[in-house]
Amino acid sequence: MRCPFCECSFPLTWARYLGAPAGRHACPACGRRSRLRPGLSYWALLVLAASLGGIPPALALGWWPGGYWPVAGWAIGGLISGAAIDKTLLDAGWRKLERPEQAA
Numbered sequence: 011m012r013c014p015f016c017e018c019s020f021p022l023t024w025a026r027y028l029g030a031p032a033g034r035h036a037c038p039a040c041g042r043r044s045r046l047r048p049g050l051s052y053w054a055l056l057v058l059a060a061s062l063g064g065i066p067p068a069l070a071l072g073w074w075p076g077g078y079w080p081v082a083g084w085a086i087g088g089l090i091s092g093a094a095i096d097k098t099l100l101d102a103g104w105r106k107l108e109r110p111e112q113a114a
């Protein structure tokens, strides 16, 4: 990730990712906060990735205990795969940090 203020490049670690659930990150060099702005294509990719990532656990739990376990497997698998894809592909590589809009 690159700070839009000082142009410092810093990695997106899991601690930094989990500490900023709304996408507002602080630069380790200058300390100023910037944000990752989500767009429609970002949400579409994230929902698709999470949905597809939840299919294998749903199928695995559907064969064994039955009942509502496939839904729980799909939800948990989707959360885990969605977070991993969001951090590694979307936030760290695809989206860019932007300066926050000034309040007028």
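Residues in the sequence shown are numbered from 11 upward in steps of one, following my numbering.
Every residue, glycine too, gets a C-beta built ideally from N, C-alpha and C.
Because the structure is a prediction, the values reported are computed rather than measured.
- For A36, the enclosing beta strand (DSSP E) covers residues 34 to 36.
- The Cβ-Cβ distance between A30 and C16 does not fall below 8 Å.
- Secondary structure at L46: strand, using DSSP grouped into helix, strand and coil.
- As the crow flies, the alpha-carbon of L89 is around 30 Å from that of G41.
- By the neighbour-count criterion, in which 16 or more other beta carbons inside 10 Å mark a residue as buried, A54 falls on the exposed side.
- Residue pairing by DSSP places L107 opposite L46 in a beta bridge.
- Pairing V57 with C18, the inter-Cα distance amounts to about 31 Å.
- Inclusion of A68 and P80 in the CB contact set at 8 Å is warranted, their separation being smaller than that value.
- Secondary-structure assignment with DSSP links R12 through a beta bridge to S19.
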